[in-house]
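J.: Please read through the structure below; I'll follow up with questions.
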Amino acid sequence: VQGWTESLNTYTTVLLGPSNRKSAVFNLFMSPMLSYQQELEEAYNKKMKENELQISILEKQIEKLKTDYVKTKKAEFLDELKELHQQKNELSKQHKKTFILDNVTEEKLISTLFENDEKVGILSSEGDLFERFKSSVKMDTHKTDVYLKAYAGDALRVDRISRSTEILYSPALTIGISAQPTVIEEM
Numbered sequence: 050v051q052g053w054t055e056s057l058n059t060y061t062t063v064l065l066g067p068s069n070r071k072s073a074v075f076n077l078f079m080s081p082m083l084s085y086q087q088e089l090e091e092a093y094n095k096k097m098k099e100n101e102l103q104i105s106i107l108e109k110q111i112e113k114l115k116t117d118y119v120k121t122k123k124a125e126f127l128d129e130l131k132e133l134h135q136q137k138n139e140l141s142k143q144h145k146k147t148f149i150l151d152n153v154t155e156e157k158l159i160s161t162l163f164e165n166d167e168k169v170g171i172l173s174s175e176g177d178l179f180e181r182f183k184s185s186v187k188m189d190t191h192k193t194d195v196y197l198k199a200y201a202g203d204a205l206r207v208d209r210i211s212r213s214t215e216i217l218y219s220p221a222l223t224i225g226i227s228a229q230p231t232v233i234e235e236m
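Basically our numbering = 1-based index in the sequence shown + 49.
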């Protein structure tokens with residue numbers, strides 16, 4: 050069918066008994082991704098330091114322009130103030146990109162997807178995710194929504210009193226778990 054697309058995300062679990070070197074293999078698999086993630090974090094931290102300086106300069110310019118506008122009421126000062134505020138907001142709203150999560154709540158998963166161009170992976174050498182599911186025999190539907198919708202790429206809107214609305218239009222979640230069989234057997 051013309052225009053048909055499928056996301057490349059998968060939900061995968063590898064089960065190995067104790068003493069099968071599961072962690073060693075998983076760490077080898079994760080090594081390049083963790084190195085890349087660390088590079089991203091270092092670049093982000095460097096960029097945030099630069100942004101802090103730039104924001105500080107913008108704040109001083111904004112204060113001066115406010116004073117000038119109050120004194121003169123010139124429209125060009127107001128236009129420049131709007132532009133400086135927009136620049137400051139753009140510098141302030143940048144998020145740290147992450148593409149690997151491990152032990153994460155559903156709420157944080159949604160926020161990370163929102164901040165991360167709607168793509169992330171939960172990759173773990175333990176069965177913590179299964180523990181989360183089994184800890185609540187009747188897990189609330191709103192908590193499983195993120196796993197179901199992010200697998201299918203379905204839109205998800207989350208409205209909470211305590212934080213801003215987060216809308217995911219086409220989320221993609223990949224899950225890779227390497228655990229012992231007892232994690233599944235005990236569910």
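Just so you know, even glycine gets a beta-carbon here, dropped at the ideal spot from N, CA and C. Given the structure is predicted, the values throughout are model-derived calculations rather than measurements.
#1: Where does Glu215 sit, in a helix, a strand or coil, going by DSSP?
#2: Give every residue of the same chain whose Cβ lies closer than 8 Å to the Cβ of Asn100, excluding the five residues on either side of it in the sequence, and list them in chain order.
#3: Run through the segment 125-192 for me and flag every whole alpha helix (DSSP H) of 4 or more residues, listed as ranges in chain order.
#4: Going by alpha carbons, who is nearest to Gln135 out of Gln110, Phe182 and Lys122?
#5: Would Ala228 pass as a contact of Phe179 if the rule is Cβ separation under 8 Å?
#6: Using C-beta distances below 6 Å, list every residue in its chain close to Thr62, excluding the 5 sequence neighbours before and after it, in chain order.
#7: Could you check which residue in Ser105, Met236, Lys146 and Lys120 has the C-alpha nearest to that of Tyr85?
#8: How would you call Ser80, buried or exposed, if buried means at least 16 neighbouring beta carbons within 10 angstroms?
#9: Does DSSP classify Ala221 as helix, strand or coil?
#10: Just to confirm my understanding: we take Glu156, look at its own chain, exclude 5 residues before and 5 after, and list those with CB closer than 7 Å. What are they?
#11: Find out if the Cβ-Cβ distance for the pair Ser174, Ser72 is shorter than 8 Å.
#12: Which term fits Gly176, buried or exposed, when burial requires 16 or more other beta carbons within 10 angstroms of its beta carbon?
#13: Could you tell me how far apart the beta carbons of Leu162 and Val169 are, in whole angstroms, since I believe they sit closer than 8 Å?
#14: By the DSSP assignment, the alpha helix (DSSP H) with Thr59 in it spans what residues?
#15: In terms of DSSP beta bridges, what is Ala228 paired with?
#16: Can you say whether Ala199 is buried or exposed, counting buried as having 16 or more other CB atoms within 10 angstroms of its CB?
T.: According to the structure shown:
#1: strand
#2: Leu140, Ser141 and Gln143
#3: 155-164 and 177-184
#4: Gln110
#5: yes
#6: Ile226
#7: Lys146
#8: exposed
#9: strand
#10: none
#11: yes
#12: buried
#13: 6 Å
#14: No alpha helix (DSSP H) contains Thr59, which DSSP labels as neither H nor E.
#15: Leu64
#16: buried
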